[in-house]
Amino acid sequence: MDPANEFLPYAAGDAVFALEPRVRKALSGRPAEFARAAGAALAWEYSGNLTWIVEQPDASFTIVNGKFVPRGIPEGSGGEEEPSQPVEAESERGACRHYRRIPATLQNLLVGHIHLCSPNRALASGLNSLLGCTLELVDKERQEEALLEELSASWESLDALFEWTVDMRNLPDRQDLLNRIVERAVAVRAGANAILWIEDNGTLMPTAWVAPAVPQPRPLQTGIVGRALDQRSSLILRRAGHLSHILDDEPELREAASVVVVPISTQSQLHGALEVWTDDCVEDFESPHLRLLETLAMQAALVVENDRLYSIQLESERLRQEVDIGSRIQQSLLFSRVPDRIEGATIAALTLPSKTIDGDFYEVVDYNPSCFDVVVGDVMGKGVPAAILAAAAKSGLFRSLCQLMVDTGRREIPQVDAIVTSLNAAVARQMISVDSFASLSYARFDLVQNLVTFVDAGHTKTFHLRIRDQQTFILQGDNLPLGVLQEEVYQQVAHRFEPGDLFVFYSDGVTEARSPSGEFFGEYRLYECVREFAHLPVEGLIEEIRAAVIAFSQREIFEDDLTCVVVRINPRSPASTETRESRVFSSDLKELYRIRQWVNDLWLRWAPRSHAEDALYQLILAVNEVASNVMRHAYGNDPSQRLRITAWVEDGKFCLELAHTGIPFDPASSRPPSFDGTRDGGFGVFIIAKSVDKIVYTRNDGDWHTIRIVKSFGPGPDQTSAG
Amino acid sequence: MALVTTNLDGVIVVEIPGPSLDASNAKDFKNEVSPFLANEAKVIFDMQHLGFVDSSGLGSILSCLRQLNASGGDLKLCGMTKPVRALFELVRMHRIFDIYDTREQALAAFTS
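Line by line, the protein sequences are chains L and A.
Residues in the first sequence are numbered consecutively from 2, following our numbering.
Residues in the second sequence are numbered consecutively from 381, following our numbering.
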């Protein structure tokens with residue numbers, strides 16, 4: 002068998018090729034010296050070619066054109082029968098007849114054969130051992146070199162890692178870092194190209210690359226990269242060119258000689274792949290390369306993961322800040338301090354903030370000791386946008402109030418329906434543009450008339466508990482929420498109450514608080530709770546409501562804000578009802594004199610010693626104007642109609658209520674007066690407003706409409722106008 | 381409504397009857413007083429009997445002033461009671477009218 006035909010595994014060929022010169026060189030050293038001294042012949046056979054190392058003229062073989070040629074060897078003792086086994090041929094003593102063909106094996110690879118021919122058996126054996134040692138030495142040397150190489154590669158890797166770590170610290174941008182990783186990857190081997198793929202929703206996106214052509218995004222399961230990702234393990238392909246059938250999807254590998262694909266993944270997640278290849282076949286990728294590339298891929302995974310976590314953290318920080326801003330908006334802008342100077346009522350408010358921020362808000366506007374408004378609202382939506390809209394609604398509320406007061410030019414408080422209509426007109430466009438709306442419950446408490454006038458704009462039902470007989474009333478209207486129709490006109494409804502009564506306003510967060518089994522707290526439980534603890538002061542009552550909701554839902558943090566405002570009308574002092582008189586007059590202008598006389602007499606009867614005479618003139622002026630307006634406008638000068646006037650003293654003030662059944666008089670409809678004398682009329686409404694502390698027009702659903710005026714016995718605020 | 385009028389050297393003094401000038405009688409007053417508000421007339425309204433004037437009464441007096449001013453005449457007021465004065469000040473009409481405490485002072489203002 003011709004040694005040239007010996008099979009060498011393909012991958013081993015290159016290694017043998019690298020080892021052969023070493024073996025040959027080693028044989029020329031001490032084995033050659035020994036052979037010369039002993040008169041032995043030594044030849045080296047590689048890939049079927051023989052060369053002399055030490056030639057002896059009497060050797061049993063010679064070399065012709067690199068081929069083994071026997072010389073007078075006795076038959077049956079040739080080395081060709083069993084070339085892989087040591088062969089020994091007996092010969093005459095002294096002659097170089099002891100022949101052996103010894104396989105030279107390194108790292109389990111057959112590198113070649115040594116042909117040995119010595120004068121006697123002992124020498125042959127000695128030389129054989131020496132050859133064995135020599136080969137072993139070569140092997141050790143090679144191993145040492147490999148170790149050194151590896152060490153040096155490790156140093157290089159370490160160096161690269163160090164630089165990389167510095168980059169990590171200095172380059173904050175994910176793209177910069179990935180670019181740098183690719184630069185490092187191609188530096189692993191001269192002429193290398195690399196693409197760093199990052200997976201995005203099933204597509205591999207080329208994120209950084211050093212390549213002749215710009216890579217295009219491709220599906221995740223494509224080609225060699227796809228296979229590496231699928232198996233989640235690194236993949237080395239040498240002589241990849243012959244795999245052309247799978248390279249159609251990976252055009253960059255069309256000319257590739259050697260390819261490495263390393264998945265980029267963390268323990269939990271696959272992020273992409275690092276693909277590195279070379280087009281020349283000078284040197285394949287080896288395990289040290291692979292290790293470095295795997296390290297780089299891990300770094301890439303860290304960068305991507307880091308970036309992802311950073312984004313998550315950023316988002317959660319943004320959310321946290323939003324919640325923070327929102328709750329500050331809510332606390333400072335949306336929830337008012339409940340005024341403590343309302344004399345006729347006590348109010349307590351409860352707010353339980355939710356996980357996020359809601360658009361809940363409330364406001365208490367107190368005009369004077371016997372009149373105040375309670376406004377509870379809820380802007381649809383969550384977060385800062387809802388809170389800002391709610392703040393806008395509140396500022397719109399005050400703007401509307403101011404505007405209405407300026408428009409009428411009087412000191413009277415605008416009507417509730419007018420306020421809400423104006424508020425809606427002001428905020429509707431804003432709300433419609435952001436697809437939001439707000440529900441609102443707006444109630445005005447008139448402690449003189451014991452009347453609550455309210456507009457319900459799609460809010461939760463306000464609850465009224467009449468203490469006298471424990472009867473409950475639900476205050477509910479059918480107006481649209483704010484921000485649905487800009488030109489919506491809101492309707493108010495009036496409702497009587499009695500001293501001592503309770504009112505409960507709340508947001509849907511209260512009634513829609515859920516139990517662990519998903520049941521709503523509901524209105525019924527709220528009403529029951531109010532009824533049960535109605536005897537407590539409002540602060541205590543609201544605490545009970547809070548406890549009941551928490552006990553029901555078994556949590557303290559809610560999905561929605563919980564807002565609840567409780568109003569208790571103070572029980573009236575018995576003294577205030579003693580000074581009360583009522584009289585009915587006919588709707589005849591001639592009655593004006595009698596009305597003035599009657600009011601004058603009551604004033605003098607009820608007024609304290611220190612009353613101001615001017616205040617009396619002003620009150621009489623005001624009563625006269627109101628009554629004359631009612632007779633002329635509400636009743637159209639029909640003397641058969643009746644006008645009922647009730648007078649009483651409350652909180653040290655003279656109060657008058659004129660009730661009629663005619664057309665509701667709207668003071669806002671009259672023209673403002675001209676003070677330069679160019680017009681005769683228009684003074685009436687102005688005079689009323691300037692003369693009294695307070696005027697309230699109430700349009701009731703029933704027969705009677707009322708106009709109430711309040712005048713203090715002391716000097717009025719407008720006494721200075723005389724100057 | 382019976383008006384007592386006196387012509388003093390071309391100045392017409394009108395005593396407005398009491399006790400009040402309000403929505404119930406302002407129109408009557410306007411009709412009664414109109415004849416005295418001829419061209420270039422010099423007129424004094426003596427208001428000493430009026431314990432009360434309302435916006436309608438004020439409007440009627442204001443109307444007289446405008447009528448006289450338009451025809452070259454003039455109107456002065458005198459003898460206002462406190463409540464009436466208070467109304468005039470409330471609606472700032474004390475700045476539009478020439479107001480005197482007594483009839484004599486008003487006359488003197490015309491003749492000077």
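Even for Gly, the Cβ is constructed at its ideal location relative to N, Cα and C.
Legend entry - According to DSSP, residues forming a beta bridge with residue 206(L): 199(L)
Inset, instruction - From the DSSP output, in three-state form, read off residue 676(L) for me. - result: coil
Inset, instruction - Determine whether the Cβ of residue 721(L) lies closer than 8 Å to any Cβ atom of chain A. - result: Summary for residue 721(L): the model assigns pLDDT 37, below 50, so the residue's position carries little reliability; its value from the coordinates is reported in the next sentence. No, no contact with chain A.
Legend entry - CB contact below 8 Å: residue 413(A) versus chain L: no
Inset, instruction - Would you kindly check if the distance between the Cβ of residue 583(L) and the Cβ of residue 636(L) is under 8 Å? - result: no
Inset, instruction - Identify whether residue 427(A) lies in helix, strand or coil by the three-state DSSP scheme. - result: coil
Inset, instruction - Return the CA-CA distance between residue 392(L) and residue 518(L), expressed in angstroms with no decimal places. - result: 35 Å
Inset, instruction - Flag residue 603(L) as yes if its beta-carbon sits less than 8 Å from any beta-carbon of chain A, otherwise no. - result: no
Inset, instruction - Please confirm if residue 463(A) has its CB atom under 8 Å from at least one CB of chain L. - result: With 8 Å as the cut-off, residue 463(A) counts as an interface residue toward chain L.
Legend entry - Straight-line gap, residue 660(L) to residue 456(A) (C-alpha atoms, nearest Å): 39 Å
Inset, instruction - Could you name the residues of chain L that residue 409(A) contacts, counting a contact when the two beta carbons are closer than 8 Å? - result: Within 8 Å Cβ-Cβ: nothing; residue 409(A) doesn't reach chain L, min ~12 Å.
Legend entry - Start-to-end residues for the beta strand (DSSP E) that takes in residue 102(L): 99 to 107
Inset, instruction - Output, in chain order, the set of chain A residues within a Cβ distance shorter than 7 Å of residue 678(L). - result: 442, 445, 446, 476
Legend entry - Reduced DSSP category for residue 64(L) - H, G, I as helix; E, B as strand; rest coil: strand
Legend entry - Touching by the beta-carbon criterion (3+ pairs, under 8 Å), the segment 125 to 145 of chain L and the segment 44 to 60 of chain L: Taking a cut-off of 8 Å for Cβ pairs, the segment 125 to 145 of chain L and the segment 44 to 60 of chain L do not touch, as fewer than three such pairs fall below it.
Legend entry - Three-state secondary structure assigned by DSSP to residue 381(L): Here residue 381(L) sits in strand by DSSP.
Inset, instruction - Quickly, what does DSSP pair residue 654(L) with across the bridge? List them, please. - result: DSSP output for residue 654(L) lists 651(L), 713(L) as bridge partner(s).
Inset, instruction - Whole angstroms is fine: what's the gap from residue 644(L)'s alpha carbon to residue 713(L)'s? - result: 23 Å
Inset, instruction - Mind reading off the beta-carbon distance from residue 211(L) to residue 189(L)? Whole number of angstroms is fine, and I expect it under 8 Å. - result: With a Cβ gap of about 11 Å, residue 211(L) and residue 189(L) do not count as contacting.
Legend entry - Neighbourhood of residue 578(L) by C-beta, 7 Å cutoff - its chain only, sequence neighbours within 5 removed: With a pLDDT of 49 at residue 578(L), under the threshold of 50, the modelled position of that residue is not reliable, and the figure given next carries that caveat. Exclusion of the five residues before and after residue 578(L) leaves no residue of its chain whose Cβ lies closer than 7 Å to its Cβ.
Legend entry - Cutoff 8 Å; reference residue 430(L); Cβ partners in own chain excluding five residues on either side: If you ignore the 5 residues before and after residue 430(L), its C-beta comes within less than 8 Å of the C-beta of 487, all in its own chain and listed in chain order.
Legend entry - Inter-residue CB distance, residue 351(L) and residue 537(L) (contact presumed, cutoff 8 Å): Wrong, their Cβ atoms sit about 13 Å apart, outside the cutoff.
Inset, instruction - Give the straight-line distance between the Cα atoms of residue 458(L) and residue 493(L), rounded to the nearest whole angstrom. - result: 10 Å
Inset, instruction - With DSSP collapsed to three states, give me the class of residue 157(L). - result: helix
Inset, instruction - Going by DSSP, name the residue or residues bridged to residue 569(L). - result: 347(L), 503(L)
Inset, instruction - Compare the C-beta of residue 1(L) with all C-beta atoms of chain A and state if any pair is closer than 8 Å. - result: Past the edges of chain L, shown from 2 to 724, lies residue 1(L), and the structure says nothing about it.
Legend entry - Segments of 4+ residues assigned as alpha helix (DSSP H) that fall wholly inside the segment 488 to 559 of chain L: 509 to 512, 523 to 533, 539 to 554
Legend entry - Coil, strand or helix - residue 594(L) by DSSP: It is helical.
Legend entry - Proximal residues of chain A, C-beta to C-beta of residue 591(L) below 8 Å: 404
Legend entry - DSSP beta-bridge partners of residue 469(A): DSSP lists no partner for residue 469(A).
Inset, instruction - Kindly indicate if chain L contains any beta-carbon less than 8 Å away from that of residue 418(A). - result: no
Inset, instruction - Could you tell me whether the segment 493 to 502 of chain L touches the segment 547 to 560 of chain L, using the rule of 3 or more Cβ pairs below 8 Å? - result: no
Legend entry - Cβ neighbour criterion (16 or more within 10 Å) applied to residue 475(L): exposed
Inset, instruction - Using a Cβ cut-off of 8 Å (strictly closer), state whether residue 457(A) contacts chain L. - result: no
Inset, instruction - Could you list which residues in chain A have their beta carbon closer than 9 Å to that of residue 687(L), in chain order? - result: 435, 470, 471
Inset, instruction - Measuring only between beta-carbons, confirm whether residue 400(A) sits less than 8 Å from chain L. - result: yes
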